[in-house]
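Notes follow the structure.
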Amino acid sequence: MSVIIQIIQGDITALSVDAIVNAANNTLLGGGGVDGAIHLVAGPELLQECAALQGCDTGDARITGGYKLPAKHVIHTVGPVWQDGRHGEPDLLASAYHRCFEIAHQHNLKSIAFPAVSSGVYGYPMRESVVIALSSAKEAISMYQELERIIFVQFSEAAQQIYLEAASRLGV
Ligand code: ADP
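Numbering (this note's numbering), first residue to last: 447 to 618.
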């Protein structure tokens, strides 16, 4: 089956998919940006489940329920904080995406939606992070047969443009 990759502008918390990805921090105890938005909609039970996980390393991911979200699950990943690009940031960001797809595969999930991990408060330049995001999706498609839909969700029009341009450049 051919996999659909969608690039859309909107609020990731509104999506009815098997999993939405949260750009979390190492504590998994909530924060600002997309993390705050996800916890707000999911409700306090999400924080309870996250607390029991006892954190997550940068470049790794954890799965929880979606609670009051329309999404069935949340995959919490921790991307790197951008310094200058020479402190392992590309490898750590690639690892974060890779782990999300790996966990989705372990749970036989067919649809997954990503925000621009690390490209908010963590400062990763979006023109660079988008290449890692889209390449990781291509790789996952070649590895995981059950995948049907991968969605990249952008909050702003500017971010949406960056994703669309990168997708056409990379042939995604
Ligand atoms: P990080 O700390 O990993 O940089 P942020 O949450 O600060 O994570 O930002 C990641 C990206 O998610 C940013 O591009 C931000 O604009 C975007 N974002 C914030 N809220 C939402 C939302 N509700 N839906 C989709 N994307 C969002």
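Where is the CB? At the ideal position from N, CA and C, for every residue including glycine.
Assuming residue i contacts residue j (C-beta within less than 8 Å), just tell me the rounded distance between them.
i    : j    : result
I608 : V576 : 6 Å
I558 : V463 : 6 Å
I466 : F598 : In fact, because the Cβ distance is near 12 Å, the residues do not count as touching under 8 Å.
If the criterion is Cβ atoms closer than 8 Å, does the pair residue i and residue j meet it?
i    : j    : result
L492 : V527 : no
G501 : N468 : no
L538 : G505 : yes
For the ligand ADP, I want to know if residue i counts as a neighbour, meaning its beta carbon is within less than 7 Å of at least one of the ligand's heavy atoms.
i    : result
T596 : Residue 596 is actually Ile in this sequence, not Thr. Incorrect: I596 has no Cβ contact closer than 7 Å to the ligand ADP.
F560 : no
S541 : no
I458 : yes
S602 : yes
Y568 : yes
G476 : no
Leaving aside the five residues before and after residue i along the sequence, list all residues of the same chain whose C-beta is less than 7 Å from its C-beta, in chain order.
i    : result
L593 : V449, K556, A586 and I587
A507 : I521, H522, T523, A542, R545, C546 and I549
Suppose the cutoff is 8 Å on Cβ atoms and the five residues either side in sequence are ignored; what does the same chain contact list for residue i look like?
i    : result
A497 : L474 and L475
Leaving out the 5 sequence neighbours to the left and right, which residues in its chain are closer than 6 Å to residue i when beta-carbon positions are compared?
i    : result
A483 : T459
R595 : I450 and S557
S565 : M572 and S575
F560 : V467 and F598
Taking one C-beta from the region 586-597 and one from the region 493-513 each time, how about it: are there three or more such pairs within less than 8 Å?
-> no
If you pair each beta-carbon of the region 510-518 with each one of the region 477-490, do three or more pairs fall below 8 Å?
-> yes
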